[in-house]
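Here the structure is laid out as structure tokens; the discussion comes afterwards.
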Amino acid sequence: MDDVIQQSLLTVRDRVANAARLAQRLPESIQLIAVSKTHPADRVAAAYACGQNAFGENYPQEGVEKIQALAAYRAHMVWHFIGTLQSNKTAVVASHFDWVHSVDRMKIAQRLSDQRPVTLPALQVCVHVNISDETSKSGVAPAALIPLILYVARLPRVCLRGLMAIPSPNRSDQHAPFAQLRQLLVRCNQILTENNLPVMDTLSMGMSSDLEAAISEGATMVRVGSAIFGMRTPAKDAS
Ligand SMILES: *Cc1c(COP(=O)(O)O)cnc(C)c1O
Numbered sequence: 127m128d129d130v131i132q133q134s135l136l137t138v139r140d141r142v143a144n145a146a147r148l149a150q151r152l153p154e155s156i157q158l159i160a161v162s163k164t165h166p167a168d169r170v171a172a173a174y175a176c177g178q179n180a181f182g183e184n185y186p187q188e189g190v191e192k193i194q195a196l197a198a199y200r201a202h203m204v205w206h207f208i209g210t211l212q213s214n215k216t217a218v219v220a221s222h223f224d225w226v227h228s229v230d231r232m233k234i235a236q237r238l239s240d241q242r243p244v245t246l247p248a249l250q251v252c253v254h255v256n257i258s259d260e261t262s263k264s265g266v267a268p269a270a271l272i273p274l275i276l277y278v279a280r281l282p283r284v285c286l287r288g289l290m291a292i293p294s295p296n297r298s299d300q301h302a303p304f305a306q307l308r309q310l311l312v313r314c315n316q317i318l319t320e321n322n323l324p325v326m327d328t329l330s331m332g333m334s335s336d337l338e339a340a341i342s343e344g345a346t347m348v349r350v351g352s353a354i355f356g357m358r359t360p361a362k363d364a365s
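Residue numbers (my numbering): 127 to 365.
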């Protein structure tokens with residue numbers, strides 16, 4: 127079983143490295159986040175034993191249970207919350223995760239900042255943008271992005287790092303939504319600079335089926351689940 131995860135991880139790392147080479151980018155400029163939602167903590171531990179240290183979770187309770195089960199490794203792991211976030215779950219996420227990729231409105235961002243424990247470094251956040259053919263209903267519309275970015279950038283206990291998107295896997299043009307997100311990052315960074323605020327350095331885009339297209343369009347983080355851990359049970363895969 128652990129051999130299966132090891133082999134899958136090697137295959138995914140090869141895909142990342144090949145896509146980086148084709149795009150004339152350094153493989154180290156792309157971080158692999160292993161999306162472990164629906165998979166038990168012992169599978170995460172198996173991936174960790176193969177050198178994987180960044181993990182993504184979609185559901186607050188499930189994620190926190192795994193973080194606590196793997197507390198012995200906590201100092202060497204980076205936990206990313208990538209799922210839709212309701213305001214009644216912001217406190218638990220702010221207390222346990224290192225990153226949140228799914229900030230899509232001011233209220234959520236403000237609660238995360240208010241609730242981030244002072245004993246921890248600032249929470250690293252990406253803003254989820256609902257680009258043209260997004261599957262989910264969440265994410266900020268591109269037209270509303272700039273005011274949200276300026277708001278999040280000024281919150282004291284979060285650090286605005288970038289943009290995230292989840293384009294529909296069934297789209298005709300693999301590249302277009304990723305190129306669109308990259309252009310939005312450039313535009314937002316111009317505005318941030320004009321406002322004397324730090325620029326963003328993260329494009330969280332690309333999953334098991336489209337990480338090559340995402341890397342060719344500038345992804346700095348790819349979120350890969352099934353290609354590492356195998357199939358999920360469909361009932362829990364609706365986020
Ligand atoms: C589940 C999920 C992933 C991983 O998807 P795979 O197709 O299994 O690689 C990535 N990002 C988000 C937001 C997800 O919900």
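Cβ atoms here follow ideal geometry from the backbone N, Cα and C, with glycine treated the same way.
Predicted model, so just to flag it, every value in this text is computed and none were measured.
Assign residue i to one of two classes, buried (16 or more other C-beta atoms within 10 Å of its C-beta) or exposed (fewer than that).
{"i": "Asn144", "result": "exposed"}
{"i": "Lys233", "result": "exposed"}
{"i": "Glu183", "result": "buried"}
{"i": "Pro186", "result": "buried"}
{"i": "Lys163", "result": "buried"}
{"i": "His254", "result": "buried"}
{"i": "Asp363", "result": "Its pLDDT being 48, under 50, Asp363 is placed unreliably by the model, and the measurement read from it follows with that caveat. Classification for Asp363: exposed."}
{"i": "Ser280", "result": "Position check: residue 280 holds Arg in this sequence, whereas Ser was assumed. Flag for Arg280 reads exposed."}
{"i": "Gly332", "result": "buried"}
{"i": "Met347", "result": "buried"}
{"i": "Gly189", "result": "buried"}
{"i": "Gly356", "result": "exposed"}
{"i": "Asp336", "result": "buried"}
{"i": "Ala345", "result": "buried"}
{"i": "Ser213", "result": "exposed"}
{"i": "Pro303", "result": "buried"}
{"i": "Ala270", "result": "exposed"}
{"i": "Asn322", "result": "exposed"}
DSSP puts residue i in a beta bridge; with which residues?
{"i": "Gly182", "result": "Val161 and His206"}
{"i": "Pro166", "result": "In the DSSP output, where bridge partners are listed per residue, Pro166 has none listed."}
{"i": "Thr328", "result": "Gly288"}
{"i": "Val255", "result": "Val266"}
{"i": "Pro153", "result": "None, per the DSSP bridge assignment."}
In whole angstroms, what is the alpha-carbon distance linking residue i and residue j?
{"i": "Ala180", "j": "Arg308", "result": "23 Å"}
{"i": "Ser294", "j": "Val350", "result": "15 Å"}
{"i": "Ala172", "j": "Phe223", "result": "20 Å"}
{"i": "Ser365", "j": "Ala175", "result": "For Ser365, the predicted model reports a pLDDT of 44, less than 50, meaning its position is unreliable; a value from the coordinates is still stated below. Taking the straight line joining both Cα atoms gives about 28 Å."}
{"i": "Ala291", "j": "Asp129", "result": "31 Å"}
{"i": "Arg237", "j": "Thr216", "result": "6 Å"}
{"i": "Ala305", "j": "Pro273", "result": "21 Å"}
{"i": "Gly177", "j": "Asp140", "result": "14 Å"}
{"i": "Pro166", "j": "Ser258", "result": "33 Å"}
{"i": "Leu158", "j": "Val284", "result": "22 Å"}
{"i": "Glu343", "j": "Ile354", "result": "22 Å"}
{"i": "Ala339", "j": "Glu154", "result": "17 Å"}
{"i": "Ser239", "j": "Thr319", "result": "22 Å"}
{"i": "Ser262", "j": "Pro282", "result": "29 Å"}
{"i": "Ala197", "j": "Val229", "result": "26 Å"}
{"i": "Ala146", "j": "Leu136", "result": "15 Å"}
Using the three-state DSSP reduction, which class does residue i fall into: helix, strand or coil?
{"i": "Ser352", "result": "helix"}
{"i": "His222", "result": "helix"}
{"i": "Gln250", "result": "strand"}
{"i": "Arg287", "result": "strand"}
{"i": "Ser335", "result": "coil"}
{"i": "Thr216", "result": "helix"}
{"i": "Met357", "result": "coil"}
{"i": "Thr245", "result": "coil"}
{"i": "Val229", "result": "strand"}
{"i": "Pro303", "result": "helix"}
{"i": "Pro273", "result": "helix"}
{"i": "Asp363", "result": "For Asp363, the predicted structure reports a pLDDT of 48, less than 50, and the residue's modelled location is therefore unreliable. The matter cannot be settled from this model."}
My understanding is that residue i touches residue j, with C-beta atoms under 8 Å, so please give their C-beta distance in whole angstroms.
{"i": "Leu310", "j": "Pro268", "result": "6 Å"}
{"i": "Arg287", "j": "Asp327", "result": "6 Å"}
{"i": "Val251", "j": "Val226", "result": "5 Å"}
{"i": "Val161", "j": "Ile208", "result": "7 Å"}
{"i": "Ala235", "j": "Tyr277", "result": "7 Å"}
Any heavy atom of ligand 2 within a distance shorter than 7 Å of the CB on residue i?
{"i": "Arg349", "result": "Among the ligands modelled here, namely ligand 1, ligand 2 does not occur."}
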